[in-house]
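Working notes, structure below.
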Amino acid sequence: EAGVTQFPSHSVIEKGQTVTLRCDPISGHDNLYWYRRVMGKEIKFLLHFVKESKQDESGMPNNRFLAERTGGTYSTLKVQPAELEDSGVYFCASSPGPYIPTLTGELFFGEGSRLTVL
Amino acid sequence: AQKVTQAQTEISVVEKEDVTLDCVYETRDTTYYLFWYKQPPSGELVFLIRRNSFDEQNEISGRYSWNFQKSTSSFNFTITASQVVDSAVYFCALSEAGYSTLTFGKGTMLLVSP
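In the order they appear, the protein sequences are chains S and R.
Quick note: the first sequence uses the working numbering, first residue 1, plus one each step.
Quick note: the second sequence uses the working numbering, first residue 1001, plus one each step.
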């Protein structure tokens, strides 16, 4: 069974440009999460989808970030326009249940998309 | 608000040494869950363990063991007889009851040399 896949693995763009990151969760997983790790900092929650609906987007840093999940399958995270502080690794994760602790107890993470903004 | 502190930024050991990775957490909830994840060079985060706040029993899985102490708000991770393949970044994380998101620490990079 395929795991969570993310594309691209690494993207280098100029400040002001647009980048779109894609995440394909494990098939059948209703829950999809985006996290971000800025160099040397904690991995921080960005948002959570349940199927195609945004359940929690409290971690989204500002309106330059737009996340979508078409038909409850794959998700995209667009950064427009990108700023220097957006550089980091963006992780996607999926889980089959709404609450981590009461069901599987784990998130399945992808390998991350590294974004470098110059 | 919850917080996870991993004070050790980087640890270097020689193969076969035992190593302990520290994790201290803060939360106001009485029900919460603690996790450890491993990030190998390939990049993905690999789930290692989940522990709920009502279960203070230590756990052992092969060369890995976890020491959960509520009195000190710590959830430390020990690797016995470390191996080069253990080299990775290890993250401790916390989730409060009713919330599906994780609060991570900054991670500890473990380097195991031959």
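Backbone N, C-alpha and C define an ideal beta-carbon position, used for all residues, glycine too.
Since the structure is predicted, the reported quantities are computational estimates derived from the model, not experimental observations.
For Glu57 (chain S), not one C-beta of chain R is nearer than 8 Å to its own C-beta. What Lys1106 (chain R) touches in chain S, judged by beta-carbon distance under 8 Å, is Gly40, Lys41, Glu42, going in chain order. At a cut-off of 8 Å between C-beta atoms, Thr1101 (chain R) counts as an interface residue with respect to chain S. Chain R has no Cβ within less than 8 Å of the Cβ of Phe7 (chain S). Straight-line measurement puts the Cα of Val1089 (chain R) at about 12 Å from the Cα of Ser1012 (chain R). A distance below 7 Å between beta-carbons, with the five flanking residues on each side excluded, links Asp56 (chain S) to the following residues of its chain, in chain order: Leu47, His48. Taking a contact as a CB-CB distance under 8 Å, the pair Val4 (chain S) and Ala93 (chain S) counts as one, their CB atoms being some 6 Å apart.
Of the other Cβ atoms in all chains shown, 16 or more fall within 10 Å of the Cβ of Asn31 (chain S); this residue is therefore buried.
For Lys44 (chain S), the three-state secondary structure derived from DSSP is strand.
Counting only runs that start and end inside the stretch 1027-1056 of chain R, the beta strand (DSSP E) elements of at least 3 residues fall at 1032-1039, 1046-1052. Of R:Ile1049, R:Ser1087, R:Leu1048, R:Phe1035, the smallest CA-CA separation from Gly1105 (chain R) is found for R:Phe1035. Within chain S, the residues whose beta carbon sits less than 9 Å from that of Ser1042 (chain R) are Glu111, listed in sequence order. For the options R:Phe1054, R:Asn1076, R:Thr1072, R:Gln1083, the alpha carbon positioned closest to that of Arg1063 (chain R) is the one of R:Gln1083. When only Cα atoms are considered, Ser1113 (chain R) and Ser1074 (chain R) end up about 27 Å apart. Only those residues of the stretch 1040-1071 of chain R whose C-beta falls short of 8 Å from the nearest C-beta of chain S are listed: Ser1042, Gly1043, Glu1044, Leu1045, Val1046, Phe1047, Arg1050, Asn1052. If you check the CB distance, Leu84 (chain S) and Ser11 (chain S) do not come in under 8 Å. The beta carbon of Phe49 (chain S) sits no closer than 8 Å to any beta carbon of chain R. For the stretch 1079-1094 of chain R, the residues whose beta carbon sits under 7 Å from a beta carbon of chain S are, in order, Phe1091. Interface flag for Leu107 (chain S) against chain R is set, since a Cβ pair is found closer than 8 Å.
DSSP places Leu1110 (chain R) in the strand class (E or B) of the three-state scheme.
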